[in-house]
Amino acid sequence: MTEAILRDLALANRLLVRDGIVDDFGHVAHRDVENPERFWLSRALPPNRVTPGDLRLHGPDGVCEDSSVGTYSEAVLHARVFAAHPNVQVSIHHHARPLLPFTMPGAPPLRPVFHTGAVAGWDIPVWDSAPFGAGGMLVDTVEKADSLAACLGQSRAVLLRGHGAVVVGPDIATAVMVAIYMVENAAVALAAGATARPVPGLSREEVAETARRLLTPNTVARVWAGRIAGLED
Numbered sequence: 000m001t002e003a004i005l006r007d008l009a010l011a012n013r014l015l016v017r018d019g020i021v022d023d024f025g026h027v028a029h030r031d032v033e034n035p036e037r038f039w040l041s042r043a044l045p046p047n048r049v050t051p052g053d054l055r056l057h058g059p060d061g062v063c064e065d066s067s068v069g070t071y072s073e074a075v076l077h078a079r080v081f082a083a084h085p086n087v088q089v090s091i092h093h094h095a096r097p098l099l100p101f102t103m104p105g106a107p108p109l110r111p112v113f114h115t116g117a118v119a120g121w122d123i124p125v126w127d128s129a130p131f132g133a134g135g136m137l138v139d140t141v142e143k144a145d146s147l148a149a150c151l152g153q154s155r156a157v158l159l160r161g162h163g164a165v166v167v168g169p170d171i172a173t174a175v176m177v178a179i180y181m182v183e184n185a186a187v188a189l190a191a192g193a194t195a196r197p198v199p200g201l202s203r204e205e206v207a208e209t210a211r212r213l214l215t216p217n218t219v220a221r222v223w224a225g226r227i228a229g230l231e232d
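The sequence shown: position 34 = 33 (numbering that gives the first Met the number 0), numbered continuously.
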């Protein structure tokens, strides 16, 4: 794994906290470039404290290869997302509050209602932990994680009922951009009353074309450069 990727992975944790996406319990994982069955994830820390030195390799079962450190109980979530989706290189799990109303039973689907909100895509599925019993809502078993990964399908994100979201991408900057604008879109939709009445937003065609134009290397790089300003090690 290159030092540059590990540096950016640590920065992603911290900027997502600063921008109100990740809270005390969120995390960001990156598939290992040498062995795609393994991935990098911080030892269990508040995300705003993560540095490159805190990142550890994890195996395909989500178990950290460094047994001397405490680890996130939901590491298996990332492991099974990577296993099910070979094209995914980055996985973000967070609990941003503007998304939560859209995870509730009976809530309308979260659709893009403004321009940059299109990057999350038209179809954002909702996964429910309830069928797995009353053992808690954490995605902390292979069975739950495999079900979540299947629900994600080809989408860029999946909502978790009463819990939060998982966002995936081909690289750190793209996944971060999608996570940020997905939450901002939810906030705008809520302000317009989306959970109480239909809110006219973008059409399916507008979403596809707008996302295509926004998720280009130059635009993603511009967003990333702006977001990490002031956070560099």
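Where a beta carbon is used, it is the ideal one built from N, C-alpha and C, also for glycine.
Taking a contact to mean a Cβ-Cβ separation below 8 angstroms, would you say residue i touches residue j in this structure?
i	j	result
Gly-105	Asn-184	no
Arg-79	Ala-191	no
Ala-95	Ala-164	yes
Lys-143	Ser-154	no
Val-182	Leu-158	no
Arg-160	Thr-209	no
Asp-139	Glu-73	yes
Pro-45	Asp-23	yes
By Cβ distance, which residues of its chain are closer than 8 angstroms to residue i, with the 5 residues on each side in sequence left out?
i	result
Pro-197	Pro-107
Ala-9	Ser-41, Val-49, Thr-50, Pro-51, Asp-53, Leu-54 and Asp-232
Pro-85	Pro-35
Arg-212	Thr-218
Val-68	Arg-42, Ala-43 and Arg-55
In its own chain, which residues sit with a C-beta less than 7 angstroms from the C-beta of residue i, not counting the 5 before and 5 after it?
i	result
Leu-214	Val-118 and Thr-173
Ile-171	Asp-7, Leu-8, Ala-11, His-29 and Val-89
Gly-19	Ala-95
Leu-56	Asp-31, Arg-37, Trp-39 and Glu-64
Pro-100	Ala-106, Leu-189 and Thr-194
His-114	Thr-209
Leu-137	Ser-72 and Glu-73
Ala-152	According to the sequence provided, residue 152 is Gly. The question's Ala does not apply to it. Same-chain partners within the cutoff: Pro-124.
Can you name, in chain order, every residue of its own chain whose Cβ lies under 6 angstroms from the Cβ of residue i, other than the five neighbours on each side?
i	result
Leu-15	Val-21
Tyr-257	For the chain, the structure presents residues 0 to 232; residue 257 sits outside this window and is missing.
Pro-111	Ala-117, Asn-184, Gly-200, Leu-201 and Val-206
Ile-91	Val-27, Val-166, Ala-174 and Ala-178
Val-222	Met-176
Using 8 angstroms as the limit for Cβ to Cβ distance, is residue i near chain D?
i	result
His-29	As a matter of chain content, chain D is missing from the structure shown, which is built from one protein chain.
For residue i, which residues does DSSP report across the bridge?
i	result
Leu-15	BP columns for Leu-15 are empty, so no partner.
Arg-30	Phe-38
Trp-126	Leu-159
Practice problem: Output the residue ranges of the beta strand (DSSP E) runs that lie fully inside the region 141-212 and measure 3 residues or longer, sorted by chain position. | Solution: 156-159 and 163-168
Quiz item: Would the region 205-219 and the region 132-144 be scored as touching if the rule is three or more Cβ pairs under 8 angstroms?
Solution: no
Exercise. Write down every uninterrupted run of the beta strand (DSSP E) in the region 53-97 whose length is 3 residues or greater and which is fully enclosed by it, in chain order.
Key: 54-57 and 89-93
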